[in-house]
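So the structure is just underneath, and the comments pick up after that.
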Amino acid sequence: MKHFLEQVDRSARHIIFPILVILIGILILKQIDMYERIVRIYHACLPVLLGVVVAFFMQPMIDRVQLYLPKRLSVFLVYIVFAVIVSLLLVVLVPIFYKQIIECVKMLPIWLERFKNILESYHIPYDFHSLLERNSLKEGSMFVVDTLCSTFSTAMDYGVAYLTGFFISIDVEFWKHCIYKVFKNAHRFSTFYHTASKIIYQYLLGTFLDLLFITVSTWCILSLSGFPNAFVYALLLALLNLFPYIGASIGLVLIVIVALLSYEHFPFLPIFLVWLLQQLESNVIQPMIFHKTMDVRPILSFAFIFVSDAFFGIPGVILSPIFAAIAQIGFRSYLHAKENDTVGKWEDIWYDFDEVMQEENMKI
985 MKHFLEQVDR SARHIIFPIL VILIGILILK QIDMYERIVR IYHACLPVLL
1035 GVVVAFFMQP MIDRVQLYLP KRLSVFLVYI VFAVIVSLLL VVLVPIFYKQ
1085 IIECVKMLPI WLERFKNILE SYHIPYDFHS LLERNSLKEG SMFVVDTLCS
1135 TFSTAMDYGV AYLTGFFISI DVEFWKHCIY KVFKNAHRFS TFYHTASKII
1185 YQYLLGTFLD LLFITVSTWC ILSLSGFPNA FVYALLLALL NLFPYIGASI
1235 GLVLIVIVAL LSYEHFPFLP IFLVWLLQQL ESNVIQPMIF HKTMDVRPIL
1285 SFAFIFVSDA FFGIPGVILS PIFAAIAQIG FRSYLHAKEN DTVGKWEDIW
1335 YDFDEVMQEE NMKI
């Protein structure tokens, strides 16, 4: 433990000066009216930077297809198939999601009326909940409009990023050649890249299967019990389940609140089945998919809520646990590449930090 704290201390000493330089640089740029221009340039370049990320994520799939097909054909095939799959999912899911959102909006007056009754039972003044009703409807509509505008803007950036990633993937051999020419320790970078891309590919595939299992299972349970807007709440539950420690509980509480507002008699059985499904997913399904339970550090997940919101808006907040996990995989892949020449496996990267520290303390 002492050795670990010494490493943390040395790392903090190394990064504190660059952080101070960056902060002072930002203050100077603000004083000379250059900061806003740089921010605009950054926003213009952001789709290109995202294209680099897209190419990084696509390359593991391209490498697998390239075992059977020529390189350029593999790139075309992977990007076209991925775009077709995403388009089909949007065509199928967006109308369902839109229809259920409309039904949720229609249910709002009923929910507000029941909420009024609850407030009156606790002798809360009427002016309070009338103000709540007026503000909630007004702010809710503004929130929907802002979210739609943000989503369309983000979708445009994603489209440009996707095309950029495609062109980078076409010339990936050129970029590899440049890296090997410029950097002397390029083999370390190669180890890092192959480790990170391999583990990230496994993680994203496993996360997709996990989300699919929760969404479909919860949707079936809620639909069979006549739960209103079952698909919306099943999808929300699956996405909230990505957040460590509290996400699953928040999702279940949300469904409980909707059940209280929607039913005269509380539906205990479907709620119990959803809770049972969550326990099955966390203790059986997730370890079966990933060979180990997920171990994203909570502070990293919390920090990436704000980082993802700054970069991607509302969709970024929803997907922030995935971005946090990818960042953790990247950092641990870097640490692995510093000390090993072989490509890391899942168990080498996705270890339980608390268990490792406990083993080191026992050795000391």
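Per the numbering used here, the sequence shown starts with residue 985, numbered consecutively. Here a beta-carbon is modelled for each residue, glycine too, at the ideal position from N, C-alpha and C.
Asked                                                                                                            : Found
Boundaries of the alpha helix (DSSP H) in which Q1312 is found, first to last residue                            : 1304-1323
Three CB pairs or more closer than 8 Å across the segment 1144-1159 and the segment 1027-1034                    : yes
Cα-Cα separation, Y1106 to L1284                                                                                 : 40 Å
Minimum length 3: unbroken beta strand (DSSP E) runs contained in the segment 1199-1228                          : none
Three-pair Cβ contact test at 8 Å for the segment 1173-1182 versus the segment 1302-1317                         : yes
C-alpha gap between N1225 and D1194, whole angstroms                                                             : 10 Å
Distance CB(T1199)-CB(A1222) smaller than 8 Å                                                                    : yes
Residues near I1184 in its chain [Cβ-Cβ closer than 7 Å; skip 5 each side]                                       : F1041, I1310, I1313
L1253 versus I1205, M1140, R1024, residue with shortest Cα-Cα distance                                           : I1205
C-alpha distance - A1028 paired with V1062, whole-angstrom precision                                             : 27 Å
S1304 beta carbon less than 8 Å from that of I1289                                                               : yes
Continuous alpha helix (DSSP H) stretch holding G980: start and end                                              : One cannot answer for residue 980 here, as it falls past the ends of the chain, which runs 985 to 1348.
Spatial neighbours of P1228 in its chain, beta-carbon cut-off 7 Å, leaving aside the 5 residues before and after : V1280, P1282, S1285
Cβ neighbour criterion (16 or more within 10 Å) applied to S1071                                                 : exposed
Spatial neighbours of I1154 in its chain, beta-carbon cut-off 6 Å, leaving aside the 5 residues before and after : V1059
Spatially closest choice to K1055 from F1197, Y1217, E1157, by CA coordinates                                    : E1157
P1079 - containing alpha helix (DSSP H), residue span                                                            : 1055-1105
Pairwise C-alpha distance: I1008 and P1002                                                                       : 10 Å
C-beta contact flag for K1182 and P1044 at 8 Å                                                                   : yes
Residue range of the unbroken alpha helix (DSSP H) whose run includes D1047                                      : 1019-1049
E1213 and Q1015 closer than 8 Å at C-beta                                                                        : Here the sequence assigns Asn to residue 1213, which means Glu is not the residue at that position. No.
Limits of the alpha helix (DSSP H) - the one that Y1164 falls within                                             : 1156-1166
Neighbour-count burial assignment, Q1186, 16 or more Cβ in a 10 Å radius                                         : buried
Local Cβ density within 10 Å of A1039, reported as buried at 16 or more and exposed below that                   : buried
H1171 and D1325 closer than 8 Å at C-beta                                                                        : yes
Buried/exposed call for V1089, threshold 16 Cβ in 10 Å                                                           : exposed
Sequence-distant residues of its chain with Cβ nearer than 7 Å to A1308 (five each side left out)                : V1280, L1284, S1285, F1288
S1233 - containing alpha helix (DSSP H), residue span                                                            : 1231-1246
Pair within 8 Å by beta-carbon distance, L1244 and F1250                                                         : yes
Residue interval of the alpha helix (DSSP H) (run including I1255)                                               : 1252-1264
Whole-angstrom distance between Q1270 and L1264, CA atom to CA atom                                              : 9 Å
N1169 - DSSP class collapsed to helix/strand/coil                                                                : coil
Local Cβ density within 10 Å of L1196, reported as buried at 16 or more and exposed below that                   : exposed
Within 8 Å, strictly: CB atoms of V1242 and F1081                                                                : no
For L1051 and K1165, the rounded distance between their alpha carbons                                            : 26 Å
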